[in-house]
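Below: the structure, in C-alpha cells.
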Amino acid sequence: MGFIVPIVNRDYDELKSQLQRKVQEEKWQKRLVLVIVSTALLLDNMLYMVIVPIIPDYLRRIGAYTITYSYEQVNETISTGANATSRLRRVKEYQSEDQSLGNLFASKAIVQLLVNPFSGMLIDKIGYEIPMIIGLIVMFSSTAIFALGQSYGVLFFARSLQGLGSAFADTSGLAMIANRFPEENERSRSMGIALAFISFGSLVAPPFGGTLYEFAGKPVPFLVLSFVCLLDGFMVFMLIHPKTARTEMGERVKGPNAFRLLLDPYIAICAGALVTANISLAFLEPTIAKWMTETMPTVTEWQIGLVWLPPFVPHILGVYSAVRLMKRYPRLPWFIAAVGLVLEGVSCFIVPFTTNYTGVIIPLAILCYGIALVDTALLPLLGFLVDTRHAAVYGSIYAIVDISYSLAYAIGPIVAGSIVANLGFFTLNLIICLSNVLYAPALSFIKTVYAYKTFDNEDAPISFKDDGMLKSNAYGSLTDEPGYSYSYDNIGDQREMYMNQFDPFANLPKQGGKTTGSTFPMDGLMNYSSSRVAEGGNQEAVDMYASGEPWSYTAENSF
Numbered sequence: 096m097g098f099i100v101p102i103v104n105r106d107y108d109e110l111k112s113q114l115q116r117k118v119q120e121e122k123w124q125k126r127l128v129l130v131i132v133s134t135a136l137l138l139d140n141m142l143y144m145v146i147v148p149i150i151p152d153y154l155r156r157i158g159a160y161t162i163t164y165s166y167e168q169v170n171e172t173i174s175t176g177a178n179a180t181s182r183l184r185r186v187k188e189y190q191s192e193d194q195s196l197g198n199l200f201a202s203k204a205i206v207q208l209l210v211n212p213f214s215g216m217l218i219d220k221i222g223y224e225i226p227m228i229i230g231l232i233v234m235f236s237s238t239a240i241f242a243l244g245q246s247y248g249v250l251f252f253a254r255s256l257q258g259l260g261s262a263f264a265d266t267s268g269l270a271m272i273a274n275r276f277p278e279e280n281e282r283s284r285s286m287g288i289a290l291a292f293i294s295f296g297s298l299v300a301p302p303f304g305g306t307l308y309e310f311a312g313k314p315v316p317f318l319v320l321s322f323v324c325l326l327d328g329f330m331v332f333m334l335i336h337p338k339t340a341r342t343e344m345g346e347r348v349k350g351p352n353a354f355r356l357l358l359d360p361y362i363a364i365c366a367g368a369l370v371t372a373n374i375s376l377a378f379l380e381p382t383i384a385k386w387m388t389e390t391m392p393t394v395t396e397w398q399i400g401l402v403w404l405p406p407f408v409p410h411i412l413g414v415y416s417a418v419r420l421m422k423r424y425p426r427l428p429w430f431i432a433a434v435g436l437v438l439e440g441v442s443c444f445i446v447p448f449t450t451n452y453t454g455v456i457i458p459l460a461i462l463c464y465g466i467a468l469v470d471t472a473l474l475p476l477l478g479f480l481v482d483t484r485h486a487a488v489y490g491s492i493y494a495i496v497d498i499s500y501s502l503a504y505a506i507g508p509i510v511a512g513s514i515v516a517n518l519g520f521f522t523l524n525l526i527i528c529l530s531n532v533l534y535a536p537a538l539s540f541i542k543t544v545y546a547y548k549t550f551d552n553e554d555a556p557i558s559f560k561d562d563g564m565l566k567s568n569a570y571g572s573l574t575d576e577p578g579y580s581y582s583y584d585n586i587g588d589q590r591e592m593y594m595n596q597f598d599p600f601a602n603l604p605k606q607g608g609k610t611t612g613s614t615f616p617m618d619g620l621m622n623y624s625s626s627r628v629a630e631g632g633n634q635e636a637v638d639m640y641a642s643g644e645p646w647s648y649t650a651e652n653s654f
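For the record, in the sequence shown the residue sitting at position 549 is 644 according to the numbering used here, with numbers rising by one throughout.
Pasting the structure below:
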C-alpha cells in the first residue's frame, strides 16, 4: 500500500495508474487536447489584453517618459458676482506617450507575424506537442518578465517575447485540434469552443488586470497567468506517451509550407477574409475609447473600459449558430462567412451615428456576432482544404490563420490612429464597412471547392459504394506516388472513417485500376492492415476507423 489520497480515500499508485489508462483512451485524449488548446488560447489573449489598463499608468509612475509642462489661460466666473478672473493652468505632457504605447502593443503581433511561417514548418516536421510546450514555456517566461520588469525596455522585450511564444502555442494548438478531430462536424464544434475561449480571454482580461493592479499591484495579474501557463504546459506532457511508430506506416506525410499554401486560391481567399474580419476589431479597439470620451461626456471611464464585455454574449451565440448551420449545411461555410463580413461592415457603419452608451453596445454586439460567424466557418474549412487538396498536416495552414490575425493587429494600432487623426472616426468606420462588404462576394468562389480537383490538377475522384449506393466521395486517385493519402466520412449508416493511407511503395496502375475488399472495424480508433488486390500488383493499406459494422467497397479510378 502506498500513500492514501485524502477525500477520495484511494491509494496514490492505483489512482495514478487509473489516470494513465484513462488518458491513453482516444476519447479522453480528445478532451484533453481541447482543454489544453482552449487554455493556451485563453492565456494568450488574456496576456494580449491584460496590459491595456496596467501599462499606461505604470509607465507614467516609473518615469518612462520625458515630462514637459505647458500653460494655458483659464477664465473663471465667481457664482456670487459678475466679476471674472483669469489664471494660468499648468498642463503636464508626456512626450511620445502614444507612439511608445503603440509600439509596445504592436510588438507582439509583429514578432508573431514574422515567426509564424517558420513555426508552421517546424510543427509540420516534428508534430504538435513539442512546439506547444515550447510556446507555453516562452509565454511563461515573458509573463514572469512582465511581472518583474520595471523599465520600458524590459517590458518591450517581454511583449515581443510573448509574440514568439504565441507563434508556437497558437499555431500548434489549432493544428492539434484539426489533427485530433478529423470529422468535419466534430472539428467545427471543437474550433468553435476554442474561438469562444479566445473571445473570453480578450474581453475578461482588462477588468481582471485592472482590478488586481489596483488592489494587489502590477506583478500579481501576471504571476497568476504565468502559473496557469505552467500548469497548461504540464498537461501537454500527458499527451506525450509511447506510441506505435506511425511513421513506419507512412502516416506522416510532408506537407507544403505556408508560402506554397497561399498560392492555393481557395486558401488565399480564406486568409484574406480572416484579415478583413479582424481589421474591424483591430481598428476599433484602440480608437473607440477616445471617440466616446469626446462625443459622450456623460459616459464614465469604467463604462468605456467595459464597452466590449456585453458583446461577448453575441460572440458565443455566433459561434453556436455557425456550428449548427455548418452541421445542417456542410457545403455553405463560405456563405456563413460572407454573411458575417456583411454584418461586420454594417455594424461599423452604424457606430459613428450612436449617441449614448447603449447605442454603442448594439452595433458592437452585431460586430462580434459577425466575427464569430467568419472565424467559426473558415477555420474548419481551411483544415478541409489541406485534407483534400494538399496533405493532412496542419502546422502551416494554421500558421496562415495566425498570420492573418497578427497582420490585422500589427497594423491596427498604427493605421487606425493615423486615419482618425487625419480623416476622422467616421471615415475610419466607412473604410472598415466598405472593405468588409466588398470582400464578401469573393468568398463565393470557395463553393467550387466541393466540385473537387486537387491543387496540382493531377488526381480524379474515387467513388466509394456500399451495396451499390454511392455514399460519399473521397478525393484522390489510385497512384503509385509515395505518401499518397485520402480521407472521407459518413459511409452509409456507419460512423465516420478518418484516414486511409496507402503503402508509399504500392505498385498501382495510374489508369483503369480497380480495387475491392472488406473492412473490419474494431472498438475505438484502432489501426489494422488489410490486403487488397489491384490490377498490376498487390498493395497494403493501413486504415484508421471509428467502430462500426463491416462494409464492402469498390474504389475505381475515374480517369
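Even glycine gets a Cβ: it sits at the ideal position worked out from N, Cα and C.
Note that the structure is a prediction, hence the values are computed from the model and not measured.
Applying the 10 Å Cβ sphere with the 16-neighbour rule, what's the burial state of residue i?
{"i": "PRO301", "result": "buried"}
{"i": "ILE146", "result": "buried"}
{"i": "ASP713", "result": "The structure shown does not extend to residue 713, since the chain is modelled only from 96 to 654, so the question has no answer here."}
{"i": "GLN245", "result": "exposed"}
{"i": "THR610", "result": "For THR610, the predicted model reports a pLDDT of 36, less than 50, meaning its position is unreliable; a value from the coordinates is still stated below. So THR610 counts as buried."}
{"i": "LEU565", "result": "Annotation note: pLDDT 29 at LEU565 (below 50); position unreliable, no value reported."}
{"i": "ALA253", "result": "buried"}
{"i": "LEU243", "result": "exposed"}
{"i": "LEU518", "result": "exposed"}
{"i": "SER112", "result": "exposed"}
{"i": "ALA368", "result": "buried"}
{"i": "GLU380", "result": "buried"}
{"i": "LEU573", "result": "Residue placement at LEU573 is poorly supported in this model, since its pLDDT is 33, which falls under 50; the coordinates still yield a value, given next. When all chains shown are included, LEU573 counts as buried."}
{"i": "GLY498", "result": "It is worth fixing the name first, because residue 498 is Ile in this sequence and not Gly. Counting Cβ neighbours within 10 Å, ILE498 comes out buried, since at least 16 surround it."}
{"i": "SER237", "result": "buried"}
{"i": "PRO536", "result": "exposed"}
{"i": "SER285", "result": "buried"}
Candidates the options: which alpha carbon is nearest residue i's?
{"i": "TYR415", "options": "THR382, TYR464 and LEU369", "result": "TYR464"}
{"i": "SER202", "options": "VAL532, GLY244 and TYR504", "result": "TYR504"}
{"i": "ARG423", "options": "LEU538, GLU281, ILE218 and PRO148", "result": "GLU281"}
{"i": "LEU459", "options": "TYR247, VAL408, ALA253 and GLU389", "result": "VAL408"}
{"i": "ILE364", "options": "VAL331, LYS122, SER539 and ILE131", "result": "SER539"}
{"i": "ALA239", "options": "LEU318, GLY305, ILE229 and GLY248", "result": "LEU318"}
{"i": "SER375", "options": "GLN124, ALA511, LEU199 and VAL331", "result": "ALA511"}
{"i": "VAL402", "options": "LYS385, ALA366, ILE411 and ALA417", "result": "LYS385"}
{"i": "GLY248", "options": "VAL515, LEU199, MET271 and GLY478", "result": "LEU199"}
{"i": "HIS410", "options": "VAL469, TYR534 and LEU142", "result": "VAL469"}
{"i": "LEU438", "options": "PHE276, SER530, SER133 and MET144", "result": "SER530"}
{"i": "THR73", "options": "GLU380, GLY519, LEU231 and ALA311", "result": "For the chain, the structure presents residues 96 to 654; residue 73 sits outside this window and is missing."}
{"i": "VAL130", "options": "SER112, MET333 and PRO151", "result": "MET333"}
{"i": "TYR500", "options": "GLN124, ALA204, LEU127 and PHE235", "result": "ALA204"}
{"i": "ILE456", "options": "ILE431, LEU502 and VAL394", "result": "VAL394"}
{"i": "PHE235", "options": "LEU256, ILE221 and LEU217", "result": "LEU256"}
{"i": "PHE430", "options": "GLY328, ILE541 and LEU357", "result": "ILE541"}
{"i": "ASP359", "options": "TRP397, LEU326, SER491 and ILE157", "result": "SER491"}
{"i": "THR450", "options": "THR390, ALA486 and ASN373", "result": "THR390"}
{"i": "LEU142", "options": "LEU196, VAL299, GLN194 and GLY454", "result": "VAL299"}
{"i": "GLN398", "options": "ALA432, GLY454 and ALA433", "result": "GLY454"}
{"i": "TYR153", "options": "PRO351, LEU269, GLY305 and GLN119", "result": "GLY305"}
Between which two residues does the alpha helix (DSSP H) holding residue i run?
{"i": "GLU309", "result": "279-311"}
{"i": "GLU224", "result": "224-243"}
{"i": "VAL147", "result": "It is not in any alpha helix (DSSP H) - VAL147 carries neither H nor E in the DSSP assignment."}
{"i": "ARG275", "result": "247-275"}
{"i": "LEU529", "result": "520-534"}
{"i": "TYR415", "result": "407-423"}
{"i": "SER321", "result": "314-331"}
Going by the CB atoms, is the gap between residue j and residue i shorter than 8 Å?
{"i": "THR471", "j": "SER283", "result": "yes"}
{"i": "MET227", "j": "ALA291", "result": "no"}
{"i": "ALA273", "j": "VAL210", "result": "no"}
{"i": "ILE383", "j": "CYS443", "result": "no"}
{"i": "GLY258", "j": "VAL206", "result": "yes"}
{"i": "ASN524", "j": "PRO406", "result": "no"}
{"i": "ALA353", "j": "GLY215", "result": "yes"}
{"i": "GLU279", "j": "PRO475", "result": "yes"}
{"i": "TYR223", "j": "MET271", "result": "yes"}
{"i": "THR371", "j": "TYR534", "result": "yes"}
{"i": "ILE362", "j": "ILE495", "result": "yes"}
{"i": "GLY413", "j": "ALA467", "result": "yes"}
{"i": "LEU137", "j": "GLY328", "result": "no"}
> Quick one: complete alpha helix (DSSP H) runs, 4+ long, within the stretch 432-498?
Replying inline: 452-484
>> At 4 residues or longer, what runs of the alpha helix (DSSP H) sit wholly inside the stretch 342-389?
In response: 353-357 and 360-379
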